Amino acid sequence: MNTVEQGDKFEDLVASIMQFIPNAKVRRQISISGKKVDVYCEINSQLQGSTRIAVECKDYSKSLTREVVAGIIADYAPLFFSQEIDKLFLITRRGIVANATTSLNEKQVKHYTLKELEDLVVDPSILLDNMSRQFEIDDLNQYYIPAKATAVDLKQVFSNFEAVYSPAMDICINRGILKYEVLIAYLKSHKDYEKHLSNLEINKNNFSKILKLRSERNIVDLFSLVDEWVGAAEMQCGLALLGSYGTGKSSFAKYIARHYSEKYKAGEFKRLPLLIELRDFGAHQDMEGLITHHLVNKHKMQNGSYSLFRKMNKEGRYLLIFDGFDEMKQGMTRDALFYNFNEINQLSEGNSKIILAGRPTIFESTEEQASILSNRRDAMMQANGKYIQLEISAPSIDDTFRLMEAYTKVKAGGDKQKVFERIDELKTLVADGESETLVDLISRPVHIPMLVNVLPAFEGSINELNRAKLYKEFVLRIIFREVLRLPSAYIKRYSVDSRYNFARDLAFEMFKKGEARSVKYSEIPEHLLSAYVIQGETLSSTQRDLVAACFLERKPPDNLVFGHKSFLEFLVADKICNSLRDGAYDESFISKEALGYEIGSFIVEMLDLAGIKYLLGDAALKHERTIEIVIDSGFKSIMNDMVSSEDNDELLEGISSEMKKEALPLFDLLFSISFMSKFLSLNPSDKFRSRVSLYLLLYLVSDAFNMAKKEADALYFYETFSDGLIGAITGYILYLREVVQPAALIRYPKVHEIAMSRMDARTWNSAYDDMTSSLFRHML
Numbered sequence: 144m145n146t147v148e149q150g151d152k153f154e155d156l157v158a159s160i161m162q163f164i165p166n167a168k169v170r171r172q173i174s175i176s177g178k179k180v181d182v183y184c185e186i187n188s189q190l191q192g193s194t195r196i197a198v199e200c201k202d203y204s205k206s207l208t209r210e211v212v213a214g215i216i217a218d219y220a221p222l223f224f225s226q227e228i229d230k231l232f233l234i235t236r237r238g239i240v241a242n243a244t245t246s247l248n249e250k251q252v253k254h255y256t257l258k259e260l261e262d263l264v265v266d267p268s269i270l271l272d273n274m275s276r277q278f279e280i281d282d283l284n285q286y287y288i289p290a291k292a293t294a295v296d297l298k299q300v301f302s303n304f305e306a307v308y309s310p311a312m313d314i315c316i317n318r319g320i321l322k323y324e325v326l327i328a329y330l331k332s333h334k335d336y337e338k339h340l341s342n343l344e345i346n347k348n349n350f351s352k353i354l355k356l357r358s359e360r361n362i363v364d365l366f367s368l369v370d371e372w373v374g375a376a377e378m379q380c381g382l383a384l385l386g387s388y389g390t391g392k393s394s395f396a397k398y399i400a401r402h403y404s405e406k407y408k409a410g411e412f413k414r415l416p417l418l419i420e421l422r423d424f425g426a427h428q429d430m431e432g433l434i435t436h437h438l439v440n441k442h443k444m445q446n447g448s449y450s451l452f453r454k455m456n457k458e459g460r461y462l463l464i465f466d467g468f469d470e471m472k473q474g475m476t477r478d479a480l481f482y483n484f485n486e487i488n489q490l491s492e493g494n495s496k497i498i499l500a501g502r503p504t505i506f507e508s509t510e511e512q513a514s515i516l517s518n519r520r521d522a523m524m525q526a527n528g529k530y531i532q533l534e535i536s537a538p539s540i541d542d543t544f545r546l547m548e549a550y551t552k553v554k555a556g557g558d559k560q561k562v563f564e565r566i567d568e569l570k571t572l573v574a575d576g577e578s579e580t581l582v583d584l585i586s587r588p589v590h591i592p593m594l595v596n597v598l599p600a601f602e603g604s605i606n607e608l609n610r611a612k613l614y615k616e617f618v619l620r621i622i623f624r625e626v627l628r629l630p631s632a633y634i635k636r637y638s639v640d641s642r643y644n645f646a647r648d649l650a651f652e653m654f655k656k657g658e659a660r661s662v663k664y665s666e667i668p669e670h671l672l673s674a675y676v677i678q679g680e681t682l683s684s685t686q687r688d689l690v691a692a693c694f695l696e697r698k699p700p701d702n703l704v705f706g707h708k709s710f711l712e713f714l715v716a717d718k719i720c721n722s723l724r725d726g727a728y729d730e731s732f733i734s735k736e737a738l739g740y741e742i743g744s745f746i747v748e749m750l751d752l753a754g755i756k757y758l759l760g761d762a763a764l765k766h767e768r769t770i771e772i773v774i775d776s777g778f779k780s781i782m783n784d785m786v787s788s789e790d791n792d793e794l795l796e797g798i799s800s801e802m803k804k805e806a807l808p809l810f811d812l813l814f815s816i817s818f819m820s821k822f823l824s825l826n827p828s829d830k831f832r833s834r835v836s837l838y839l840l841l842y843l844v845s846d847a848f849n850m851a852k853k854e855a856d857a858l859y860f861y862e863t864f865s866d867g868l869i870g871a872i873t874g875y876i877l878y879l880r881e882v883v884q885p886a887a888l889i890r891y892p893k894v895h896e897i898a899m900s901r902m903d904a905r906t907w908n909s910a911y912d913d914m915t916s917s918l919f920r921h922m923l
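Residue 144 is where the sequence shown starts when you use the numbering used here, and the numbers rise one by one after that.
Here you go:
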């Protein structure tokens with residue numbers, strides 16, 4: 144772009160901004176008495192009449208000198224003298240030097256940078272204050288702990304973006320492929336071999352480098368990564384902050400919105416931070432409606448025009464922070480997912496900077512995640528938009544306890560000393576390695592307020608506490624507190640359990656309708672309320688009474704909201720498990736796709752033998768003894784037998800004939816239940832993982848394995864898990880059963896030796912943890 148084209152583009156931008164001044168008529172490049180005027184603006188006011196403004200635009204790479212400014216003013220002097228203009232605006236990108244201000248006559252000649260002109264037109268003061276205040280809500284600023292993330296070499300990933308997020312690299316990550324030759328061998332066995340090779344962005348020379356960029360596991364400060372990206376104008380891509388529920392994504396979003404708003408106020412940052420919670424997207428038809436709502440209604444910008452917003456965003460005047468892309472629509476279809484991301488991606492233009500935050504579990508697979516977020520051709524996205532993916536890490540144990548103690552000091556009511564005593568108990572249990580469940584529980588910041596609330600009065604052993612128990616204790620406790628605030632005549636009308644059941648039923652209705660975590664008061668279904676009507680009362684009075692103390696928060700004008708999406712997910716899971724215990728569950732009204740990872744994981748924690756029996760129907764009665772044996776015996780004893788076994792016969796001797804006979808049909812039955820199959824990819828409770836892990840081993844070593852699996856499947860298993868202990872176990876079993884054919888063994892001549900050496904290198908506890916979380920996902 145030459146200097147003339149650059150100047151014209153700058154003039155067009157200035158004119159497009161000034162047209163949003165109220166009552167303004169703007170024209171480009173007109174001649175007044177022979178003087179060419181870049182932009183001419185006439186503003187009509189009933190009180191002050193007409194004001195005629197000539198606008199001189201200078202898109203120089205440096206600040207204008209005093210001499211240049213004086214020369215511009217002199218050029219326009221004849222137009223002032225002939226009273227053909229009332230004011231002169233000098234608009235620059237880089238400003239003017241300090242001593243040039245003496246040339247300005249504030250009544251007639253004013254200078255604005257482009258940023259100052261935009262601020263004059265939109266007035267972002269309320270927006271900036273709101274961005275800062277969000278971080279102070281609920282005293283978050285007093286106990287916030289800096290977030291961590293997996294390290295990413297941003298510059299290198301951006302430079303090699305297509306290769307890093309290519310389908311071939313997806314295959315390497317998901318199948319544990321560490322060598323270029325193995326990748327090519329795998330692709331040659333693929334039915335779309337030619338298509339993959341023609342689109343292969345990876346070669347033998349860059350394979351190791353790209354694999355390292357994609358698989359880095361070091362933990363670093365998340366803000367330092369974001370700040371590096373924000374300051375790198377050349378990185379024309381967005382950031383996707385990915386983390387499971389409760390890992391602090393929303394808190395971090397509020398933190399950076401506050402940080403950059405304060406820098407903007409201090410004149411140290413040119414972008415307006417705009418944090419938008421995407422759970423509000425469902426209330427609007429499209430992104431234009433959502434953005435306009437935020438600018439006009441929430442932040443009272445004096446000119447909330449979407450057109451002006453798009454121009455400023457393209458120019459690099461906004462830092463857009465979209466939180467909760469997984470909450471845009473609950474249980475969304477693939478088409479809805481594409482629509483939502485296309486709506487966001489239309490804002491990825493020019494010098495825009497966009498941050499997305501959300502749970503990766505909204506994607507069906509890591510391939511779909513990489514495809515959509517990198518805007519690959521196979522995703523068939525309509526709008527531009529690609530994102531470097533940052534994986535938010537759980538805080539360290541030390542950070543977790545610092546957060547817990549800081550939160551207790553600021554927020555805990557009652558006997559704080561009692562809370563600190565229970566925290567000390569937690570520290571001891573964690574330090575002694577007593578419970579992995581507790582470590583996982585405290586590693587999510589969203590659990591900290593619940594723990595501080597629940598622990599002082601928790602009657603059981605802390606070691607017995609898991610997520611499901613924590614959530615239920617917390618919800619019941621909050622409802623109890625809300626009941627105590629009701630007028631005395633209403634306290635005993637509904638028990639705490641009844642109000643809990645109402646919240647659970649309401650959560651389930653919201654979930655079925657696809658609402659992320661809010662429902663309008665006026666839209667609570669009558670059929671739900673009718674079950675709670677006391678004789679002589681109306682539906683209206685019943686609704687008013689139940690909603691007054693039902694755990695959901697009231698948000699004006701007419702919304703009931705769960706404070707965190709995980710509360711809705713827990714209550715939905717509890718509703719399903721309760722239905723299973725009562726024998727009243729009908730799997731047809733929820734698909735396995737709709738349930739999602741988090742609801743499934745809650746169900747796994749709560750599922751008991753009665754629920755399993757219901758799932759299996761008549762077959763559960765037939766195989767009841769097998770179920771009990773599996774649950775009672777666990778998995779470790781079988782693994783111990785396997786350690787000492789040197790061939791297949793000795794391995795099978797470690798498993799009772801009753802189990803061998805019964806497990807295979809039961810395993811197939813479990814597979815046939817779509818409801819259960821969604822859960823087998825999760826990190827389940829000990830009992831559940833013991834059961835399915837044992838079934839897996841039995842399935843692999845049974846005679847039916849040869850009949851059910853083809854050579855390609857067996858080879859796929861080995862390639863998929865060849866770099867971990869799971870691969871060692873699987874490879875060893877496949878070797879023993881002679882499923883891997885001689886042709887395949889040419890590529891892996893030492894399967895047995897590798898398998899056995901890896902078995903010695905790691906503990907069987909690791910195998911116990913990994914078996915269901917990795918292997919079952921790929922079997923399904």
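Glycine included, C-beta positions come from ideal geometry on N, C-alpha and C.
Fair warning: this is a prediction, and the values are worked out from it, not measured in the lab.
Beta-carbon contacts of residue i that lie in its chain and below 7 Å, excluding the five residues immediately before and after
{"i": "Gln-299", "result": "Leu-356"}
{"i": "Arg-209", "result": "Val-240, Asn-242, Ala-243 and Ser-246"}
{"i": "Leu-368", "result": "Ala-292, Val-295, Leu-297 and Leu-533"}
{"i": "Asn-434", "result": "In the sequence under discussion, the amino acid at residue 434 is Ile, which differs from the Asn named in the question. For Ile-434, where only same-chain residues beyond five positions count, the Cβ hits under 7 Å are Tyr-449 and Phe-452."}
{"i": "Glu-712", "result": "Glu-741, Ile-742 and Phe-745"}
Environment of residue i [buried if 16+ CB atoms lie within 10 Å]
{"i": "Ser-225", "result": "exposed"}
{"i": "Gln-678", "result": "exposed"}
{"i": "Gly-447", "result": "buried"}
{"i": "Ile-173", "result": "exposed"}
{"i": "Asp-640", "result": "exposed"}
Sub-7 Å separation of residue i and residue j beta-carbons
{"i": "Leu-703", "j": "Tyr-675", "result": "no"}
{"i": "Asp-466", "j": "Ser-393", "result": "yes"}
{"i": "Met-653", "j": "Phe-617", "result": "no"}
{"i": "Leu-689", "j": "Phe-645", "result": "yes"}
{"i": "Lys-708", "j": "Arg-647", "result": "no"}
{"i": "Tyr-925", "j": "Phe-412", "result": "In the structure as shown, the chain starts at 144 and stops at 923, and residue 925 therefore has no counterpart that could be examined."}
{"i": "Leu-462", "j": "Lys-496", "result": "yes"}
{"i": "Cys-315", "j": "Leu-330", "result": "no"}
{"i": "Gly-386", "j": "Val-589", "result": "no"}
{"i": "Glu-344", "j": "Ala-383", "result": "no"}
{"i": "Ala-375", "j": "Ile-464", "result": "no"}
Nearest to residue i (by Cα), restricted to the options the options
{"i": "Val-553", "options": "Gly-410, Thr-543 and Gln-285", "result": "Gln-285"}
{"i": "Ala-537", "options": "Leu-584, Lys-331 and Thr-235", "result": "Leu-584"}
{"i": "Tyr-203", "options": "Gly-381, Phe-484 and Thr-256", "result": "Thr-256"}
{"i": "Thr-235", "options": "Val-212, Leu-438 and Ala-409", "result": "Val-212"}
{"i": "Ile-362", "options": "Asn-348, Ala-306, Asn-303 and Pro-289", "result": "Pro-289"}
{"i": "Lys-322", "options": "Asn-518, Ser-351 and Ile-280", "result": "Ser-351"}
{"i": "Ile-540", "options": "Val-307, Tyr-219, Gly-576 and Gly-556", "result": "Gly-576"}
Cutoff 6 Å; reference residue i; Cβ partners in own chain excluding five residues on either side
{"i": "Glu-148", "result": "none"}
{"i": "Phe-732", "result": "Residue confidence for Phe-732 is low, a pLDDT of 46 falling below 50, so the modelled location carries little weight; the figure read from the coordinates is stated next. Excluding sequence neighbours, Phe-732 sits near nothing in its chain."}
{"i": "Gln-445", "result": "Asp-266"}
{"i": "Phe-153", "result": "Cys-200 and Asp-202"}
{"i": "Lys-443", "result": "Ile-269"}
{"i": "His-437", "result": "Ile-419"}
{"i": "Ser-517", "result": "Tyr-308 and Lys-529"}
{"i": "Ala-510", "result": "Ala is not the amino acid found at residue 510; the sequence shown has Glu there. Hits under 6 Å: Asp-313."}
Close-in-space but distant-in-sequence residues of the same chain around residue i (CB under 8 Å, 5 per side omitted)
{"i": "Gly-493", "result": "Asn-456, Lys-457, Glu-458 and Gly-459"}
{"i": "Gly-706", "result": "Glu-696"}
{"i": "Arg-636", "result": "Ile-677 and Asp-688"}
{"i": "Leu-156", "result": "Leu-257, Lys-454 and Glu-458"}
{"i": "Val-573", "result": "Ile-540, Leu-581, Val-582 and Ile-585"}
{"i": "Met-144", "result": "Lys-152"}
{"i": "Ala-94", "result": "Examination of residue 94 is not possible in this model, given that the chain is present from 144 through 923 alone."}
{"i": "Ile-605", "result": "Arg-565, Glu-568, Leu-569, Leu-572, Leu-581 and Leu-598"}
### Message
Three Cβ pairs or more, each shorter than 8 Å: is that satisfied between the region 549 to 567 and the region 590 to 609?
### Response
Touching, yes, given that three or more Cβ pairs across the two stretches are closer than 8 Å.
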